[in-house]
Each structure stands twice: as C-alpha cells, then as structure tokens.
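In the working numbering, the protein residues as written are 1 to 451.
Glycine residues also receive a C-beta, built at the ideal position from the N, C-alpha and C atoms.
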Ligand code: SF4
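Here it is as structure tokens:
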C-alpha cells in the first residue's frame, strides 16, 4: 500500500536543508507520496529506506525506459485512470515496423520518414520514437543486418526487437549495446531462456500473451524470476479487444494495485488492419486509452501529424498551463525603429503571435509578460495583465534602451486599457493592435511609430 507523506517523513533525515530542491522535508515527503518527485532526490536517505519507500510509493504502472542512459524513451509511471484526476505522465511511444521480409526500398523509406517527419508545436518537437525490428524470416543474419541498419540510419530511434527465437534476440540485443532495446516477446515456452538473456543484456522484456490470462501467467513468472521492467501485449489484434484489454489492465493496476498488469502495453495497429486510415484510427483510440507504445505499419505525415497532436493534447498536464518565459523576444532582427508588441505568456498565444510576426518578415520586438500561463482576456480579468503590471514590466524589461520611439502595440482585445496604460506610461503612445493574430502581418506592414 502507498505510504502517506507523514509516514515517509518519519523515514527520512529531517535536516530541512533544501538540497533536494524543496525547502522542507515535510514538503518533500508530501511530493514523494504524491508521486511528484523521487525519494532518491534526497542525498541523505539510506539505500535501505530508498528501497522501502521506492517500492511502496512506486506508481501502479511501472516506469520502464528504453535506449541510452541520457536519451531514454520513458513509458509508464502512470497513476490515474483519467487525465483530469491528476495528469498522464509519459506520452505513448509511436513506432514503425520494419521486417526482414521487406524490400530494401521499403526499409529505407521507413527509416527516412522516421528521421524526417518531425514537427514543432508550442515549442515541443513532435516525432516518432521507436522502430520495431522484426525477425520475420527467423533468420539471425538477416535480423542482425536489419538491426544494424536501423541503429546506423536512425540515431535517436529506440528499438523493439521482435523474434520467436531467443538466441536471435540475444545476438541482436548485443548489437544494440547501450541503446537498450525492448526484447519481444516472452511466452510461456521461452520465459526461462528469455529471462536469462534479459538479465545478461540488462534490457526490458515485452510479454507476448495470447489473451489477458495468459499475459498474467507470463508476467507472474517473469516477476518471480526477478525481472521488473516489463511491457505487455495481451495478444489483442482488433481495436475493440485491444481497447478493452488496455482498460482492464489500467483499472486492475490503478484501482486494485494488481501487480501482474501494472505495466505499459505495447499494441500493434499495424497488425489489426490493412487500411492505413483505419490503422490511424485504431492508433488514435489506443493512444487515448492507455497504450504505452503503438506500432504502425508505416509513417506518413498526413496520418502522423494528427496522432502527434492528439498525443500532445492528452499528455499535457491539465493543471499546469504551458508557458514561455517572460522576456523581450527579437523577431526578424529588429532595430531601434522596429515595432514593439506585448502579449501574455500562454504558450499557444506566444507561438501563434510570434509565428505571424515571423511570417510578416517585419523586424519586431515582442514583449512577453508573465501572466501565469493565462490567455490575454483571462489574464486581464484575473488582474494579471492590468495597465499597472504592464507598465512595471515595460520599465524593467530594458526595451526602452533598445528603441528610439515610444509606441507600444497592445492586443486588440485590451483596447479599453489604452487610456489607463498611457497614464501609467508617460511619454508612450499606446496603439491598439488587431484582435486576431492572423491580421498582424498586414497591420505590421502598415505600422509607423506615432509622431
Ligand atoms: S535533501 Fe533531504 S534532508 Fe534536505 S530538505 Fe530535502 S528531504 Fe530534507
């Protein structure tokens, strides 16, 4: 059973030194109990206590890492069923399948698309994470050659190695070296041999069940042998079955603390349909409902981009607005006669406004005021974007040293603030900008500093 903050506090040295980054031991203990920080962040806790607390406060879905130590893909660590209860921790890994039975061009195309289909949204890079390499012909030499090709061709891909032959998995895992792959998959028949290999190469294991009961049998054997880093495939190969199994596993782990199902799932939309659009729909359902990994048959921009966006939305912390830093941002190389605009620090606002300014090609200064992630009107209504606060920010921002004019463009939605702001900022002229960011390019091209 999970420990409370008070129980954890009793087990840690109460130095209140702040070295864990949290000012008091009580606050630290509360955060550990809530799963918001790791007990290992306190340098004064003994290994014994670390183990005790670590086990007791471990999330119901085990955290498992793939890849090199400093560039891991992390899955699991989940603690709730619904995002609004807290947040979802680690985004679903999106992967593509390559197999030894594919032609050269098919493999090359998938690796190239893995590398090139990358997008930026609100400052976050959206990309695929995983390449699943399948020993489709049960041919060790061909399997190793394909693994090497992926390792060389996709430097930041995390690997899932799929083979029915444990010796092939062992050889391929050794090729991967520090880029720890997921070894897939453990069955009742090979569980002993695969356990030995996983321990030898120190890699996580994928459970290849035929149904949920069979999956539990395998995870219980792996756990009894001391393996902890597992990922489960219940064998479901229809959308409905995979969705049901994902929900059953998450509910059993979170609500009942049922350890044999307390693992991320790996799902294979690539094996559920031959229709690319249907495959995308299956993947989108499984991303929404608990898949740790989805493996696609190919990567295409028109299918990937919506999946990336869905993933970004679902795995954004609903209790913490996405923000950018309060600062003066220079866009398109502004000089002393460039326009000065101000807006809030809600990420989406910043990226939309800065994108429009960039697109206009008009050199500009963009002032971003900290509004705690609230959008313009909400921040104004909450008293975080008022004339007094804007004027204080303007004075301390240093913008007055960068420009000759004194003309500030405010968001169109704050037109009513013009008079008050001119009183707060003597010597400045306040210009009301457009209400919609999309109108900024035309506005900026016409803009002249007030005489
Ligand atoms: S580092 Fe440890 S002892 Fe120091 S405040 Fe944090 S929890 Fe307390």
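Do residue j and residue i have their beta-carbon atoms positioned less than 8 Å apart in this structure?
{"i": "residue 44", "j": "residue 15", "result": "yes"}
{"i": "residue 242", "j": "residue 267", "result": "yes"}
{"i": "residue 446", "j": "residue 387", "result": "no"}
{"i": "residue 150", "j": "residue 111", "result": "yes"}
{"i": "residue 170", "j": "residue 197", "result": "yes"}
{"i": "residue 239", "j": "residue 207", "result": "no"}
{"i": "residue 348", "j": "residue 191", "result": "no"}
{"i": "residue 412", "j": "residue 390", "result": "no"}
{"i": "residue 97", "j": "residue 297", "result": "yes"}
{"i": "residue 265", "j": "residue 292", "result": "yes"}
{"i": "residue 400", "j": "residue 321", "result": "no"}
{"i": "residue 107", "j": "residue 130", "result": "no"}
{"i": "residue 344", "j": "residue 385", "result": "yes"}
{"i": "residue 173", "j": "residue 201", "result": "yes"}
{"i": "residue 380", "j": "residue 328", "result": "no"}
Taking residue i and residue j to be in contact with their CB atoms under 8 Å, please state how far apart those CB atoms are, rounded to whole angstroms.
{"i": "residue 363", "j": "residue 335", "result": "6 Å"}
{"i": "residue 230", "j": "residue 184", "result": "Going by Cβ atoms, the distance from residue 230 to residue 184 rounds to 11 Å, so no, they are not a contact pair."}
{"i": "residue 294", "j": "residue 77", "result": "The pair is not a contact, with the Cβ atoms about 18 Å apart (cut-off 8 Å)."}
{"i": "residue 324", "j": "residue 368", "result": "6 Å"}
{"i": "residue 87", "j": "residue 407", "result": "In fact, because the Cβ distance is near 42 Å, the residues do not count as touching under 8 Å."}
{"i": "residue 117", "j": "residue 128", "result": "7 Å"}
{"i": "residue 27", "j": "residue 8", "result": "Not really, about 11 Å apart at Cβ, beyond 8 Å."}
{"i": "residue 346", "j": "residue 91", "result": "That belief does not hold up - the Cβ atoms of residue 346 and residue 91 are roughly 21 Å apart, past 8 Å."}
{"i": "residue 404", "j": "residue 337", "result": "6 Å"}
{"i": "residue 410", "j": "residue 421", "result": "7 Å"}
{"i": "residue 331", "j": "residue 310", "result": "Their Cβ separation, rounded to whole angstroms, is 30 Å, which puts residue 331 and residue 310 out of contact at 8 Å."}
{"i": "residue 217", "j": "residue 182", "result": "With 8 Å as the limit, residue 217 and residue 182 do not qualify as a contact, their Cβ atoms being about 20 Å apart."}
{"i": "residue 280", "j": "residue 303", "result": "4 Å"}
So, at 7 Å on beta carbons, what are the nonlocal neighbours of residue i in its own chain, with the 5 sequence-adjacent residues on each side left out?
{"i": "residue 101", "result": "136 and 137"}
{"i": "residue 382", "result": "374"}
{"i": "residue 195", "result": "222, 225 and 227"}
{"i": "residue 71", "result": "156"}
{"i": "residue 84", "result": "318"}
{"i": "residue 20", "result": "28, 41 and 42"}
{"i": "residue 470", "result": "Missing from the structure shown is residue 470; the chain here goes from 1 to 451 and no further."}
{"i": "residue 434", "result": "412, 440 and 443"}
Along the chain, where does the beta strand (DSSP E) containing residue i start, and where does it finish?
{"i": "residue 407", "result": "407-410"}
{"i": "residue 364", "result": "364-369"}
{"i": "residue 330", "result": "327-331"}
{"i": "residue 73", "result": "73-75"}
{"i": "residue 54", "result": "Segment 47-56 is the alpha helix (DSSP H) holding residue 54; no beta strand (DSSP E) there."}
For residue i, collect the residues of the same chain with a Cβ closer than 6 Å to its Cβ; drop the 5 residues on either side in sequence, then sort them by chain order.
{"i": "residue 245", "result": "212, 234 and 236"}
{"i": "residue 261", "result": "249, 252 and 253"}
{"i": "residue 417", "result": "387"}
{"i": "residue 22", "result": "28"}
{"i": "residue 360", "result": "441 and 444"}
{"i": "residue 37", "result": "31"}
{"i": "residue 153", "result": "111"}
At which residues does the alpha helix (DSSP H) containing residue i begin and terminate?
{"i": "residue 176", "result": "166-176"}
{"i": "residue 344", "result": "Residue 344 -> not in any alpha helix (DSSP H); beta strand (DSSP E) instead, spanning 340-344."}
{"i": "residue 146", "result": "140-153"}
{"i": "residue 393", "result": "387-397"}
{"i": "residue 458", "result": "An answer regarding residue 458 cannot be provided, because it is not within the stretch 1 to 451 covered by the chain."}
{"i": "residue 239", "result": "239-256"}
{"i": "residue 116", "result": "104-116"}
{"i": "residue 360", "result": "347-360"}
{"i": "residue 284", "result": "276-288"}
{"i": "residue 302", "result": "301-314"}
{"i": "residue 216", "result": "212-224"}
{"i": "residue 419", "result": "418-424"}
{"i": "residue 26", "result": "25-33"}
{"i": "residue 296", "result": "Where residue 296 is concerned, there is no enclosing alpha helix (DSSP H), although the beta strand (DSSP E) it sits in stretches over 291-296."}
Given a threshold of 16 other Cβ atoms within 10 Å of its Cβ, counted over all protein chains shown, does residue i qualify as buried or as exposed?
{"i": "residue 414", "result": "buried"}
{"i": "residue 62", "result": "buried"}
{"i": "residue 4", "result": "exposed"}
{"i": "residue 146", "result": "buried"}
{"i": "residue 278", "result": "exposed"}
{"i": "residue 57", "result": "buried"}
{"i": "residue 179", "result": "buried"}
{"i": "residue 290", "result": "buried"}
{"i": "residue 350", "result": "buried"}
{"i": "residue 13", "result": "exposed"}
{"i": "residue 17", "result": "exposed"}
{"i": "residue 426", "result": "exposed"}
{"i": "residue 93", "result": "buried"}
{"i": "residue 299", "result": "buried"}
{"i": "residue 53", "result": "buried"}
{"i": "residue 34", "result": "exposed"}
Can you list, in chain order, the residues of its chain whose CB lies under 8 Å from that of residue i, leaving out five sequence neighbours each side?
{"i": "residue 119", "result": "125, 126, 127, 305 and 308"}
{"i": "residue 60", "result": "78, 79, 253, 254, 257 and 262"}
Taking 8 Å as the CB-CB limit, is residue i close to chain D?
{"i": "residue 404", "result": "Given the protein chain composition of this structure (a single chain), no chain D is represented."}
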